[in-house]
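Read through the structure below, which is laid out as structure tokens, and then see the notes.
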Amino acid sequence: WDTSAHAGTPVSCATCHADQVHFEVKVTPAGDYRNKAEFCLQCHGNMVADFRMPFRHRVLEGQMACNDCHDPHAGFEAKGWNGMNETCLECHTEMSGPFVFEHEAVSGEDCTTCHKPHGSMHDKLLTSDGNTLCLQCHYGADFNSDGSFAIGDQAHGGLLGAEGRCYDCHIEVHGSNVDHTFRN
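When the letters of the sequence shown are read in order and numbered with our numbering, they come out as residues 228 to 411.
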């Protein structure tokens, strides 16, 4: 409890468990809701908008519960090494590696560097559209004024125009066992 997000707040055991113990009821009991998430959303109403984004984890639909990722009694660090990534990788095992060719961003950051875990306007729960996100790191002085956009000795001018996204070609962005450019 001491490492949880609830520690140091006015939340006590009775706030959430009033239906199970003899305390004044402060919230509607979990059993009165269609799904478990609605119980948490009584206090965490700011998350509702995220769960209504076009790309989201299906929490409001009851396909997931808040406690699939969050332990209300402990913080992420209680789950061990790099708690955020470990939590995400429990379901997204294909992203865990190890890979022969590791994407440096994946090994040095947590998942929320690129992804919004509750919901996003961008597919794959990305924090911004694919090209904007990738070009935050993969932008160099060799971006030419003639539109050739050289990245890694490869002209990308025609590839990044219109609707092209970096991960249309570089599909194994977390890492690859086959190609150092993360292509299939």
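Glycine residues also receive a C-beta, built at the ideal position from the N, C-alpha and C atoms.
Bear in mind the structure is a predicted one, so any value in this text is a computation, not a measurement.
Taken atom to atom, the span from the alpha-carbon of residue 257 to that of residue 237 is near 19 Å.
If you draw a straight line from the Cα of residue 265 to the Cα of residue 337, it is about 27 Å long. Excluding sequence positions up to five before and after residue 295, its CB lies less than 6 Å from no other CB in the same chain. One thing to note: residue 263 has its Cβ within 8 Å of the Cβ of residue 293. Excluding residues up to 5 positions away in sequence, 397, 399, 400, 403 lie with their Cβ nearer than 6 Å to the Cβ of residue 409 in the same chain. Residue 333 sits buried, since 16 or more C-beta atoms from the chains shown fall within 10 Å of its C-beta. CA-to-CA, the gap between residue 384 and residue 363 works out to about 17 Å.
Residue range 310-316 is occupied by the alpha helix (DSSP H) that includes residue 310. Counting only the Cα atoms, residue 272 lies some 35 Å from residue 330.
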